[in-house]
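In my numbering, the protein residues as written are 47 to 724. C-beta atoms are modelled at their ideal positions from N, C-alpha and C, and glycine is treated no differently. If you're wondering where the values come from, they're calculated on a predicted model, not measured in any experiment.
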């Protein structure tokens, strides 16, 4: 019989066929009994009580069974990406050509930013003294203080805009982390993810933007950083990671490179104290480079025939060429001339990052022919995408100077600027930088500073146009009139509820009149029966397949589950989830709904890795959840195992994936049914 677990009252209106069944059992024998009943849809939990009676005795058991709904809220998105001075039409076909009679509309949301380049400015790091007392952290702080203040002075419209944001209110959406925005459009609450602290830190950083313009604070912090760098510089002239460690060539290169970058940007003042540090450091890297050169000659009889040089010697040439004011010995001249000749002949043997360095070395030496050849090669191997701009697919992070993929990209941009790039090329490379910010946080303080300055300083000006009038969005033939727009970005959001939603609103047109890219998204939220949900296909995609693990004489193999191949109790099922992304994304949540017939093998949540992918896996009653800090562009295959525990005909739900930093990047699989036999 059924009962209400809260009141313990018997429920009599749920039909059970053959409610009483006779049985006869011999000693040490068991038998099955089965009932068929209508699954209630108007309650969330139901109690089931089963009692066996004889003339003399009775015994029984009872259970509370959750009643999972056969409908769920589904969210689908249509990204609205346009380039400068472009008019483009978009269609959310499943809304326009609505074919399911059971789908019930819930909410339609439009958000759009006509000048998202300002989001890069909001990412400017505002630092205090570093918590870790090492040379790399202190120089990163110095670099950020100096370049941040320089940007605020060299680009007064940046200072004005940040002041407007501040006056709008520190708790306004302007200063919220992307992880905290649009909670209603995300498949999981932020508090249920591992990224609460990242969201808090990003929001706090945005709220401190006005401190970039505080001259007294900037002067105090830069002086403190310089004093620390003097203290951490070893007597040999090099910097080590921590005081007391041996001096390190790579760290010394990194700091000298940073000082030169600031000089080229005319940011900060080179004091006598800084010059003294630089002189000692240059002497140190000269000595180390000569020692390596002597070792090369001693250990290799054919050293004059080498075709490549180590990356740290390439980096030495690049850094040393930025400090021609310091004397060069005859031995150094011989070494640099030899290395330069090797690079001139063999630059094709190097990768993206190294070629950008070689181009700048050759530019400083006046060798325009090699510079032009390198740029020609870059153009031949570049990927040019209407949405993502101009980029290099094999761009991966490096160690030197905290080189993230973003910083390597800005290195290449600098080489293009020196060699005479076309404005369209610079804008294409800027567009790729900005699109990285759409789906992830930039990797480091240094990468952020480099990217922001590249966006401000290269190509066409993306920060002077009036974002408030730069773009018009049309839905279903009607111009969208927002109640208000955010200063700078031109961001707005508009929501339509159930009764206001019409199929033609799935037809969108964006008319954009600014130089810069613009982006937004249309989100459709609706209720649908699990079995009728149709899969989506987008830049971020997920596929779900079920297999049974079977063993025979030839070994263990996986056999795919389908309608003609039902499951049986005790089968081991392998759930395979295939994720595809056409760009790097961060803060990704993947949720796989499990049918009630499955019991997962792994019950304990924790960090997992499959292949080269690291993630956090959380097992819940009705779903298995995966959390990825970062997914690079590519294909990922995840698997987990479960055992079949119940017979019946079940809905196995869907798998959904979403980038919580940019919720418009979302996708889900189609619903499926699974039959389990005895």
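Next on the checklist: Considering only their Cβ atoms, is the gap separating residue 566 from residue 159 smaller than 8 Å?
Outcome noted: As a working mapping, residue 159 is identified with position 113 in the chain shown. As a working mapping, residue 566 is identified with position 520 in the chain shown. Against a cut-off of 8 Å, the Cβ pair of residue 566 and residue 159 comes out as a contact.
Item to check | Meets three-Cβ-pair contact criterion under 8 Å: the region 647-660 and the region 599-614 | outcome: no
Next on the checklist: Suppose the cutoff is 6 Å on Cβ atoms and the five residues either side in sequence are ignored; what does the same chain contact list for residue 294 look like?
Outcome noted: The residue labelled residue 294 in the question sits at position 248 within the chain shown. The residues are 286.
Next on the checklist: Less than 6 Å between C-beta atoms, sequence neighbours within five positions excluded: which residues of the same chain meet that for residue 179?
Outcome noted: The sequence position of residue 179 within the chain shown is 133, counting from 1. Nothing listed; no residue qualifies.
Next on the checklist: On the CB-based measure, 16 or more other CB atoms within 10 Å of its CB, does residue 370 come out buried or exposed?
Outcome noted: By 1-based counting over the chain shown, the position of residue 370 is 324. So residue 370 counts as exposed.
Checklist entry - Does DSSP classify residue 522 as helix, strand or coil? => result Numbered from its first residue, the chain shown carries residue 522 at position 476. Here residue 522 sits in coil by DSSP.
Item to check | Own chain residues within Cβ distance below 7 Å of residue 165, not counting five before or after | outcome: Here residue 165 corresponds to residue number 119 of the chain shown, with the count starting at 1. So the qualifying residues of the chain are 483, 535.
Item to check | Residue of 284, 702, 366, 723 minimising C-alpha distance to residue 120 | outcome: For the purposes of this step, residue 120 is taken as the residue at position 74 of the chain shown. If we check each option's Cα against that of residue 120, 702 comes out closest.
Checklist entry - What is the rounded straight-line gap between the Cα of residue 374 and the Cα of residue 480? => result Translated into positions along the chain shown, residue 374 becomes position 328. Translated into positions along the chain shown, residue 480 becomes position 434. Approximately 41 Å, taken between the alpha carbons.
Checklist entry - Taking just the CA atoms, how far does residue 720 sit from residue 709? => result Within the chain shown, residue 709 is the residue found at index 663, counting from 1. Within the chain shown, residue 720 is the residue found at index 674, counting from 1. When rounded, the distance between both Cα atoms is 30 Å.
Item to check | Buried or exposed by the 16-neighbour rule on C-beta atoms within 10 Å, applied to residue 323 | outcome: To locate residue 323, count along the chain shown from 1; it is residue 277. When all chains shown are included, residue 323 counts as buried.
Checklist entry - Near residue 388, what residues of its chain come up, given a Cβ to Cβ distance below 8 Å and the 5 sequence neighbours on each side ignored? => result Here residue 388 is taken as the residue at index 342 of the chain shown, counted from 1. These residues qualify, in order along the chain: 352, 353, 354, 355.
Item to check | Own chain residues within Cβ distance below 8 Å of residue 30, not counting five before or after | outcome: The requested residue 30 does not occur in the structure, where the chain is confined to residues 47 to 724.
Checklist entry - Around the C-beta of residue 476, are 16 or more other C-beta atoms found within 10 angstroms, so that it is buried, or is it exposed? => result Taking the chain shown and counting its residues from 1, one reaches residue 476 at position 430. The residue in question, residue 476, is buried, as its Cβ has 16 or more Cβ neighbours within 10 Å.
Item to check | Per-residue DSSP class, three states only, for residue 448 | outcome: As a first step, residue 448 must be located in the chain shown, where it is residue number 402. For residue 448, the pLDDT reaches just 48, beneath the cut-off of 50, and the residue's location in the model is therefore unreliable, although a value from the coordinates is still provided. In the structure shown, residue 448 sits in a helix (DSSP, three-state: H, G or I).
Checklist entry - Under the three-state reduction of DSSP, which class applies to residue 276: helix, strand or coil? => result By 1-based counting over the chain shown, the position of residue 276 is 230. In this structure, residue 276 counts as helix in the three-state DSSP scheme.
Item to check | Candidates 464, 142, 269, 206: closest to residue 191 by CA position | outcome: Residue mapping note: residue 191 aligns to position 145 of the chain shown, counting from 1. If we check each option's Cα against that of residue 191, 269 comes out closest.
Checklist entry - Would you report the Cα separation of residue 331 and residue 195, rounded to the nearest angstrom? => result Within the chain shown, numbered from 1, the residue matching residue 331 stands at position 285. Within the chain shown, numbered from 1, the residue matching residue 195 stands at position 149. For residue 331 and residue 195, the distance between alpha carbons rounds to 30 Å.
Checklist entry - Is it a yes or a no for the region 133-145 touching the region 583-598, going by three-plus beta-carbon pairs under 8 Å? => result no
Checklist entry - For residue 596, which residues does DSSP report across the bridge? => result To locate residue 596, count along the chain shown from 1; it is residue 550. Per DSSP, 603.
Checklist entry - Since residue 506 contacts residue 469 with CB under 8 Å, what's their CB separation in whole angstroms? => result Working through the chain shown from its first residue, we reach residue 506 at position 460. Working through the chain shown from its first residue, we reach residue 469 at position 423. Residue 506 to residue 469, Cβ: 6 Å. Contact.
Checklist entry - Contact between the region 621-638 and the region 670-687: three or more CB pairs below 8 Å? => result yes
Checklist entry - When you compare each of 621, 690, 458 to residue 404 by their alpha carbons, which one comes out closest? => result The count along the chain shown starts at 1 and reaches residue 404 at position 358. With distances taken between Cα atoms, residue 404 lies closest to 458.
Checklist entry - Helix, strand or coil for residue 118 per DSSP? => result Within the chain shown, numbered from 1, the residue matching residue 118 stands at position 72. Residue 118: strand per DSSP, three-state reduction.
Next on the checklist: Could you tell me the alpha carbon to alpha carbon distance between residue 408 and residue 493, rounded to whole angstroms?
Outcome noted: What you label residue 408 is simply residue 362 of the chain shown in a count that begins at 1. What you label residue 493 is simply residue 447 of the chain shown in a count that begins at 1. Between residue 408 and residue 493, the C-alpha separation is close to 24 Å.
Checklist entry - Out of 604, 624, 608, which has the shortest C-alpha to C-alpha gap to residue 618? => result Along the chain shown, one-based indexing puts residue 618 at 572. Closest by alpha carbon: 604.
Next on the checklist: Could you compute how far the alpha carbon of residue 400 sits from the alpha carbon of residue 441?
Outcome noted: Numbered from its first residue, the chain shown carries residue 400 at position 354. Numbered from its first residue, the chain shown carries residue 441 at position 395. The straight-line gap from Cα to Cα measures roughly 11 Å.
Checklist entry - So, helix, strand or coil for residue 488, using DSSP? => result Position 442 of the chain shown holds residue 488. Coil at residue 488, not helix or strand.
Next on the checklist: Going by DSSP, what residue range makes up the alpha helix (DSSP H) through residue 336?
Outcome noted: Working through the chain shown from its first residue, we reach residue 336 at position 290. Here the alpha helix (DSSP H) through residue 336 covers 318-345.
Checklist entry - With which residues is residue 420 paired in a DSSP beta bridge? => result Residue numbering aside, residue 420 sits at position 374 when the chain shown is read from its first letter. Paired residues: none, contrary to the question.
Checklist entry - Hey, how far is the Cα of residue 189 from the Cα of residue 429? => result By one-based count along the chain shown, residue 189 stands at place 143. By one-based count along the chain shown, residue 429 stands at place 383. When rounded, the distance between both Cα atoms is 31 Å.
Checklist entry - Does DSSP classify residue 727 as helix, strand or coil? => result The shown model of the chain, from 47 to 724, leaves out residue 727, and the question about it has no answer.
Checklist entry - So what's residue 425 in DSSP terms, helix, strand or just coil? => result As a working mapping, residue 425 is identified with position 379 in the chain shown. The answer is helix: DSSP assigns residue 425 an H, G or I state.
Item to check | C-alpha gap between residue 448 and residue 384, whole angstroms | outcome: If you number the chain shown from 1, residue 448 lands on position 402. If you number the chain shown from 1, residue 384 lands on position 338. Interpretation of residue 448 is limited by its pLDDT of 48, a score under 50 that renders its predicted location unreliable; the figure taken from the coordinates is listed afterwards. Each residue's Cα considered, the two are about 28 Å apart.
Item to check | residue 533 beta carbon less than 8 Å from that of residue 184 | outcome: Translated into the one-based positions of the chain shown, residue 184 becomes position 138. Translated into the one-based positions of the chain shown, residue 533 becomes position 487. No, Cβ-Cβ distance for residue 184 and residue 533 is not below 8 Å.
Next on the checklist: For residue 573 and residue 152, which I take to be in contact (beta-carbon distance under 8 Å), what is that distance rounded to the nearest angstrom?
Outcome noted: Within the chain shown, numbered from 1, the residue matching residue 573 stands at position 527. Within the chain shown, numbered from 1, the residue matching residue 152 stands at position 106. Confirmed, about 6 Å.
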